[in-house]
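Working notes, beginning with the structure itself.
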Amino acid sequence: MATSIDSFELVYDVVSNGKIPVRLYRSKDSLMSVGIAQIEGPLVNGYFCLATEAHDDDGLPHTLEHLIFLGSEDYPYKGVLDLLANRCLASGTNAWTDTDHTCYTMTTAGSEGFLQLLPIYVDHILHPTLKDSGYVTEVHHINGEGENAGVVYCEMQARENTGESLTHLNMLRAMYPGQCGYKSETGGIMANLRDSTSHEKVCNYHRHFYRPENLCLIITGNIQPEDVFKALRPVEDKIKQKGLWGDFARPWQSSVPPLPQSVEQVVKYPADDEEHGMVTVAWRGPMAKDQYKNEAMNILLDYLSDSAISPLQRDFVEIEEPYCSQVYQFIIENAETCFGFNFQNVDTAHLKEIAPKLKELLSNIADGKEKIDMERISNLVHRRVLDALNSIEEDVHETVACMMIGQFLFGETQEEFELRLNTIESRQRLKREPESFWLDLLKTYTQGKNWVVVIGEPSSSLMEQMGEEEKARVEAQRQSLGPAGLVKCQKTLEEATASNETEAPKTVLTQVPVPNPESIHFHPITPSSNLADRKGTENPEFPLQNLPYTFQLDDMSTNFARMLVLLDTSNLPLSLKYYLPLLTESLMESPILKNGELISHERVIAELEKDTQSTDTGLGVPPGCFQCGHFPHLLVAEVKVEEEKYEKGVEWLRDILYGTQFTAERLKIIANRKIGDISSLKRSGSKIVRTLLQELVFKKECNFNVASMLRQSTFLTKVLETLESDPDKVVSDMNKIRNELLQPQNVRVHLSCDVTKLSKRGSPVAPWISFLSNSVQASGDGAANPKMTDFVLSTVASPEKKVIIGVGDVESAYFLQTVPCISSYYHEDLPALYVLIQYLTQCEGPMWCQIRGLGLSYHYSVSVRPDLGLLYLLLAKSTHVVDAYKVGRKIVKEYLSGETEFSEVELESARSSLIFEIIEEEKTIWDAAQESILCYLRGVEHTHNKDMVKKVAKVTVADLKPVGKKYLAPLFDTTITRCVTCVNPSKVEEVTADFKKLGLEMKVLSSLDDEFLTQL
0 MATSIDSFEL VYDVVSNGKI PVRLYRSKDS LMSVGIAQIE GPLVNGYFCL
50 ATEAHDDDGL PHTLEHLIFL GSEDYPYKGV LDLLANRCLA SGTNAWTDTD
100 HTCYTMTTAG SEGFLQLLPI YVDHILHPTL KDSGYVTEVH HINGEGENAG
150 VVYCEMQARE NTGESLTHLN MLRAMYPGQC GYKSETGGIM ANLRDSTSHE
200 KVCNYHRHFY RPENLCLIIT GNIQPEDVFK ALRPVEDKIK QKGLWGDFAR
250 PWQSSVPPLP QSVEQVVKYP ADDEEHGMVT VAWRGPMAKD QYKNEAMNIL
300 LDYLSDSAIS PLQRDFVEIE EPYCSQVYQF IIENAETCFG FNFQNVDTAH
350 LKEIAPKLKE LLSNIADGKE KIDMERISNL VHRRVLDALN SIEEDVHETV
400 ACMMIGQFLF GETQEEFELR LNTIESRQRL KREPESFWLD LLKTYTQGKN
450 WVVVIGEPSS SLMEQMGEEE KARVEAQRQS LGPAGLVKCQ KTLEEATASN
500 ETEAPKTVLT QVPVPNPESI HFHPITPSSN LADRKGTENP EFPLQNLPYT
550 FQLDDMSTNF ARMLVLLDTS NLPLSLKYYL PLLTESLMES PILKNGELIS
600 HERVIAELEK DTQSTDTGLG VPPGCFQCGH FPHLLVAEVK VEEEKYEKGV
650 EWLRDILYGT QFTAERLKII ANRKIGDISS LKRSGSKIVR TLLQELVFKK
700 ECNFNVASML RQSTFLTKVL ETLESDPDKV VSDMNKIRNE LLQPQNVRVH
750 LSCDVTKLSK RGSPVAPWIS FLSNSVQASG DGAANPKMTD FVLSTVASPE
800 KKVIIGVGDV ESAYFLQTVP CISSYYHEDL PALYVLIQYL TQCEGPMWCQ
850 IRGLGLSYHY SVSVRPDLGL LYLLLAKSTH VVDAYKVGRK IVKEYLSGET
900 EFSEVELESA RSSLIFEIIE EEKTIWDAAQ ESILCYLRGV EHTHNKDMVK
950 KVAKVTVADL KPVGKKYLAP LFDTTITRCV TCVNPSKVEE VTADFKKLGL
1000 EMKVLSSLDD EFLTQL
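The sequence shown maps to residues 0 to 1015 in numbering that gives the first Met the number 0.
As structure tokens, this is what we get:
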């Protein structure tokens, strides 16, 4: 490998975890860094990182991140970057703002489009236009009604006053006192966005931090360094032409002030439910540069909290009267890290007991009163090794990029670079550390050390107070501005909008040609099954014809075996179906009877940790508990193991399904935990609208509604009562369900593995021959797969059609609406409908510009689900939900009426970005395996995505309007739509009235405990 290419010199050359070549270069001209990781697969990713620091809550890193996308010196048009990205087999661009860095991202299918877009993207980062008009619409403005808006303002409003956000921010403020950027809200808080943040401050911030020597371009994928540096030549030339950038002070060079004393505080947050709060407990941790200690700290925190047998879960959750429903560990990688635990859904009566009890527990371990289980530590370290190996196959781009970002921010030497990029080696070393090492780690950072305790206390009175104060603030703002001021505000907004809407000339867009998707290579998978309609796909090394149940096999290149058992619950009576979420949660956390021996639930959990890389259970694909995945009638049990433990994995699945012994004691603990989980789910606006819309759309016996968090709250409460009065009934019901589900006609197995590797160990099919009971006979054509459309209610049969609810934990608005649509993946209109939706919703497309771009709603989407036969419209994190809906309706109406013409250039962008999104569904080998499962369930060929790419590429402008009139126009037909709105209680009356003017008459639900939502 050459040590220099053009102006770029090789700095480091490392192989990450023995698999991925990673090289870091630096330009001797501009001092810009470029890191390239050679990764096979269809996608190329870019992570363009700058170290950024702020010492206030103005949100300058975040506001600047948004303004970067609004044009550059060479491409001075708002949105041109995303429009060009869409043409490059990408789906727009993105970015994130962290406390210590800002990272801009893009992903393309193949390297051709990536190389075309790279210099344009860097021009936006280093030489943005930063126009005042962009600041007005993208960050903050006051509209003609005297209301505050803007994309950033909208985003921060959605999370600023949640319990999680408030407790986290207060923890950081206490943990990093004095002059320290780690305590700043780099996203910006609303009061600052209104009164302190300014366009001038943002421009100054860019001049200070956005410089070549502070920029690292991290690129992962199948791409050559020579091609990257050739693409960067115009960037380097422009930097040279501009001359000196002035003196540069690298961010984060000041020492972190010490934590002089412990801090304990109570933070109230607005909420409807005053029964459950939250507690965060945190300490200072190792320096970020000490990678080995940070790896060890992750293991120690896993040991303390990650499963039902961990000390914290055992003492706080896994008891008959739990303190909370979940305990999560965290490490925040600042220069001087902090770590700790989040206690979720804490009974308010126990809020002040959490920290003292935690202190006592940790002291007992540190003092030796409770011994560290070194076998479990060893198992957890091994799992971390497997996680690293798995990430190479499952999430390699982001894993390697995050390692390189850490090196860019904190690393200084080749040794540090090698350590960061070779986590397997350091984790293997941790296996050899004695008990004293782990005790020293615990004592060093928790015993006798200052800590921060933040108690998040829910308050309904604060919810009401904040609602009234916000109304009063806006009204005072209106009065202060007066009629003339409001007119001026509206004029400023309209002028800014007009300035931003200056379109890029067609020649600017078409100078970037659309790459040929035929050059993109999908991950190879060879599927086979014993399904009657999939004959001719036999694998001679893994014959399936004699298995007495449905079996689906994916033969692929991997070091793991992932096995799923999918059990059809359709024929269960409704009274038993309600047990399904409890059943899925109990399967891997209960005792098992094996060969006459009763294995305790603690030992089951410990052995699963030892033998598997991951496990999961739930309803649908992917599996969920109260929020089901696709095909929710399927109960899924999943195990993923390293190749050497293949037979053990099959054995575990059989033991879990057949041998689990349901006990009243374990069922009580698990039911209590899940009831606690529901309280946090009820604080999420997106989950609320999804849950409520499912009530309007699906039949009662559909698992979407069976598993509803609201209905399950009622059911699990009743189960707890029955477990006290008649525990045998509950245990009997659970066993009835299990026995029914394991009938061969209900069983489907899906295995993803490397058949050739497994064949070297013996017959890979042998463990599956005796998987079901010995008395089982072949099930004919195998497991049936009911049509999901059979579970959908007609609009006439819906109990309600349009509802609205006020939830105190929600500050922004959420809206979800649906109408009937195409119900076959082979429907001739589907490719054109996909393209039309993409045209309207793509980055910098009509809805992006007029809904998100004007700060009406931070998120929006239109999506079609052929498996359900439904079309959806979603507005989320919306400051002006009715206006956002009106704009969306207007856009669709104008395109379908011909008032607005479809553009051939924008159609090219839509087709290209949609092709990317289809390809992205199979971005890794495991994503491809997941798509394989869905292909079987959807009844489509495994080439479906490849075939759809070809069909999408042929869609023309003439195809769009007919499918729009047929399928998209009904989305705004108020006679057939079903919709749900969730807003803050202070906005219910206003939003209900405004929607009524549009023909959407919504029933106001008094609370989430409404009988309509909770009755069994």
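Even for Gly, the Cβ is constructed at its ideal location relative to N, Cα and C.
Applying the 10 Å Cβ sphere with the 16-neighbour rule, what's the burial state of residue i?
i, result
"W437", "buried"
"N594", "exposed"
"G186", "buried"
"P845", "buried"
"K265", "A small fix is needed here, since residue 265 is Val in this sequence, not Lys. With fewer than 16 Cβ atoms within 10 Å of its Cβ, V265 is classed as exposed."
"P259", "exposed"
"M31", "buried"
"F247", "exposed"
"Q223", "exposed"
"L214", "buried"
"G339", "buried"
"W450", "buried"
"L243", "exposed"
"R710", "buried"
"H520", "exposed"
"M947", "buried"
"E434", "exposed"
"A354", "buried"
For residue i, collect the residues of the same chain with a Cβ closer than 6 angstroms to its Cβ; drop the 5 residues on either side in sequence, then sort them by chain order.
i, result
"L997", "none"
"G779", "Confidence in G779 is poor, its pLDDT being 47 and thus under 50, which makes the residue's placement too unreliable to answer from."
"T525", "D554"
"V795", "none"
Among the options, whose alpha-carbon lies nearest the alpha-carbon of residue i?
i, options, result
"D305", "L379, E903, S707, G628", "L379"
"T62", "A765, R737, V150, W244", "V150"
"K889", "T659, E184, F971", "F971"
"A663", "E893, E643, V718", "V718"
"I19", "L350, I423, P127, V10", "I423"
"Y1018", "P211, P256, K130", "This structure leaves residue 1018 out entirely; the chain is present only between 0 and 1015."
"E517", "H826, I217, N944, S479", "N944"
"S569", "N784, I677, S731, E500", "N784"
"E332", "L360, D346, G897, W251", "W251"
Could you round the C-beta distance between residue i and residue j to whole angstroms and report it? I think they count as a contact, below 8 angstroms.
i, j, result
"V806", "G684", "7 angstroms"
"I804", "T991", "Actually they do not touch by this definition, with Cβ atoms about 10 angstroms apart."
"Q225", "I4", "Contrary to the premise, residue 225 reads as Glu rather than Gln in this sequence. Right, their Cβ atoms sit about 6 angstroms apart."
"D122", "E64", "With 8 angstroms as the limit, D122 and E64 do not qualify as a contact, their Cβ atoms being about 16 angstroms apart."
"V891", "L829", "That belief does not hold up - the Cβ atoms of V891 and L829 are roughly 18 angstroms apart, past 8 angstroms."
"P743", "Y548", "5 angstroms"
"K1016", "S811", "Outside the modelled stretch of the chain, which goes from 0 to 1015, sits residue 1016, for which no answer is possible."
"L566", "L740", "4 angstroms"
"I668", "L586", "With 8 angstroms as the limit, I668 and L586 do not qualify as a contact, their Cβ atoms being about 14 angstroms apart."
Identify, in the order they occur along the chain, each residue of the same chain with its Cβ nearer than 8 angstroms to the Cβ of residue i, setting aside the five sequence neighbours on each side.
i, result
"A148", "H139, H140, I141, N142, L853, G854, L855, T878, H879"
"Y327", "S304, F340, N341, Q343"
"K728", "T721"
"H381", "K430, K609"
Within its chain, find whatever has a CB closer than 7 angstroms to the CB of residue i; leave out the 5 residues flanking it on each side and keep chain order.
i, result
"L408", "A50, D99, H100"
"F703", "C627, P631, Q693, F697"
"N363", "E369"
"D926", "E920"
"V384", "I423, R426, Q427"
"Q849", "V886, I890"
"G145", "V473, Q476, R477, L480, L485"
For the ligand GTP, is there any heavy atom lying closer than 7 angstroms to the beta carbon of residue i?
i, result
"K945", "This structure does not include the ligand GTP; it has no bound ligands of any sort."
* **Contiguous beta strand (DSSP E) assignments of at least 3 residues, all confined to the stretch 816–887** => 856–864, 869–877, all fully within the stretch 816–887.
* **Segments of 4+ residues assigned as alpha helix (DSSP H) that fall wholly inside the stretch 736–762** => The qualifying runs are 754–758.
* Could you pull out every unbroken alpha helix (DSSP H) segment of at least 4 residues lying fully inside the stretch 666–704, listed in chain order? => Counting only unbroken stretches of 4 or more residues, the alpha helix (DSSP H) elements lying wholly within the stretch 666–704 are 684–696, in sequence order.
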